Structure formats: C-alpha cells, structure tokens
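Asker:
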Amino acid sequence: MAEQDKEFASQQDSEPEQNAGGEKKKGKSLFETARELEQAERRKQELAERERQKQQAEADYKEREKYGEQLEADKRELIRLKQGVISESDTIFEEKPEKKHYTIRQRIGNFFYHNKWWMGIAAFFIIVFGVLLYDDLTTVEPDMIILQLSADSELALRTEGTARYFEQFVPDLNEDGQVKVAVYYIPVTDDPKNSTNYYNGDSSKLVVEMQSSSAMLVLADSACKETIAADQTLQDLSGLFPDNQLVKDYAFDLTGTDFLKNIGYEGELDDLYLGIRKVQKLLFATEEKMQASYDQAFPVLEQVITDLSE
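End of the sequence shown sits at 312 in this note's numbering; the numbers just go up one at a time, nothing left out.
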C-alpha cells in the first residue's frame, strides 16, 4: 500500500500543472530550485556588503573630516603659542626627548668617535713635536766646527777621523760635559766646467758658512783659493809662526805631517793645508761675534801646529 502511494505521488509531480487560464505549467527540478535559492542568497549578501562598504566609507570620511579639523585647530593653537597669545595649550603637548644614560665605556667610545679627526691631527702634531724635542734633547751641540773644502773623495770619507783628531785639542766650550767637533765637508773645485756644486747647492752652503762665524778653522787645498778668496779671508800666519817652516802665508801645510795618518787617510795628498779665518764684519755675524769665535779657535790652531810640527 505504501509503494502504491509513492507511485501515485510521483505521477502527480510529473504531470503538468494548469494555470488560471487553463494552460499547463511546467514543473521545476530540485537542482533548479536550489540554484535559485543560492543566487537569491548571494544577491542578498552582495547587497549587505555594499551597504557595509557604504557605511564604512561614510565613517572614514567623517573620521578624515574630524582629523583635518583637529589638525587645523592644532595649527591655529601652535601659532598662538609661538606668537605669545597663550602661554600653554591643553591640546598641544611638547614632547621632550628622554635623556639617555650612558656608561663610562659608552661615553669614552662616543668621545673618540665624534672627535676622531681632531684627535688624529692632534696626535700627528704631538708625534712631530715629540720627535723634534727628542732630537733637540739628544743632539749634542758641537763645541767647534771645522770647514773642510776639498774635492778629494777619500778625504770626504775621513771627516769622523778628522773630528776625533781635533777633539783632543778642543775644550768643552758649551759646557755640556762632553767635547764634540763637527766637520762640515763642502766639495770645491777650480774646474770652471764643473757645475756639480751649483746643482747640489754646495755653492750656497759655502757662501752661508763664509758669511757666518760658526766655522773658523779651514781645511782646504789650492783648488778653492780663488773660490774663497783665501788671501782676503784667511789670517796671515807667517808673522805668528815665523820659525815654522810648514807655515807659509795663510797656510799650515799638512801634507808634510802625520795629519793624514792620524785621521786614517790611506793614500797620498800633495796639497792640503790648515788655516784660520780673519776677523771681519760678515753678513751673518758682527765683528765682535767673529772675534769671540776667533779667540776660541786660535788656541786649537796653535796646539795642532805644535803637535804636527814635532
């Protein structure tokens, strides 16, 4: 009986319905009905989303309007503060940066970081000053200077031996507790074609030395006679040492003595003499200053002549 009822209901659903005008109405399947319901629900959701977006847009617009009005009000308030119309504001608050606390190590690091360039420059000058100070404190000022004028290359290598020889006759003139003699070597030649002296600046050195009173004793050969005008710049020794056969005019002949042996010179020289400069007014020294230098150098000259004439 139940199965018959189901068949009857199925037949009823399959039969076309009639409308009020007597026309038959076609029936809808379950799939079509479900799709229509889904479309209706989707449409409903779309309308709801549009309404939500519309309300959100209106809320955002109102919020922007409110924010713009607040900015404009703050701007007017800030202008009034700057102009002194009001002394403080309830809406504008000045934000003060929070004071940072650094450790000693961080402070030292920041100091070096921000001052590294200045500290580098200062360190450079401190080093230079230290080198100059050390050089000044450790450099021994010579008690006497010997001017050596000769182009002989081997003689130029014996300046230390020459200094040691003269040191035995020189007292501690600067009173620093030690005796030091310096030998200033300047190569001089009588060859007019030789311009080496000019290129090396030796000519300028010679002019400076001959216009100052620092070096009074002169070791030279005949090649520099015209260069230094020996007849005019060197003291005549013949009247001071009349009985010495090695003395002639301004020159004490060293080639006939043990001088070369004493300084360690290996070889032979037939032209080398020792002289002392005259006292006269110079470009870099007064006559009084030169006289003082002469008075210190002449006793040394006497001792050397006595030592080498024995």
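We put the CB at the ideal spot given by N, CA and C, even for glycine.
Bear in mind the structure is a predicted one, so any value in this text is a computation, not a measurement.
In three-state terms, what does DSSP make of A232?
Answerer: If DSSP states are grouped into helix, strand and coil, A232 belongs with the helices.
Asker: Quick check: does the Cβ of G266 come within less than 8 angstroms of any heavy atom belonging to the ligand MG?
Answerer: This structure lacks the ligand MG, and indeed carries no ligand of any kind.
Asker: Do F171 and V306 have their C-beta atoms closer together than 9 angstroms?
Answerer: Closer than 9 angstroms, so yes.
Asker: Using the three-state DSSP reduction, which class does K250 fall into: helix, strand or coil?
Answerer: Looking at K250 - three-state DSSP - the assignment turns out to be strand.
Asker: Measure from the alpha carbon of V224 to the alpha carbon of each residue in S215, G241 and L276, then state which is nearest.
Answerer: It should be pointed out that residue 224 corresponds to Ser in this sequence rather than to Val. The residue with the shortest Cα to Cα distance from S224 is L276.
Asker: Measure the C-alpha to C-alpha separation of E31 and A61 and round it to an integer number of angstroms.
Answerer: It should be noted that the sequence gives Ser, not Glu, for residue 31. Each residue's Cα considered, the two are about 45 angstroms apart.
Asker: Work out the CA separation of I147 and T288 for me, nearest whole Å.
Answerer: Approximately 18 angstroms between the Cα atoms of the pair.
Asker: If you draw a straight line from the C-alpha of Q1 to the C-alpha of V220, how long is it?
Answerer: What is shown of the chain runs 3 to 312, which leaves residue 1 out entirely.
Asker: Based on the DSSP output, what are the partners of Q150 in its beta bridges?
Answerer: Bridge partners of Q150: Y187 and L221.
Asker: At what residues does the beta strand (DSSP E) containing I278 begin and finish?
Answerer: Residues Y275 to I278.
Asker: Comparing alpha-carbon positions, which option in A294, L274, F286 and E169 lies nearest D154?
Answerer: Nearest option by C-alpha distance: L274.
Asker: Over what stretch of residues does the alpha helix (DSSP H) that includes I110 continue unbroken?
Answerer: Where I110 is concerned, the enclosing alpha helix (DSSP H) stretches over I106 to H116.
Asker: In whole angstroms, what is the alpha-carbon distance linking E177 and H103?
Answerer: Their Cα atoms are separated by approximately 60 angstroms.
Asker: What is the DSSP secondary structure of D238, reduced to helix, strand or coil?
Answerer: Here D238 sits in coil by DSSP.
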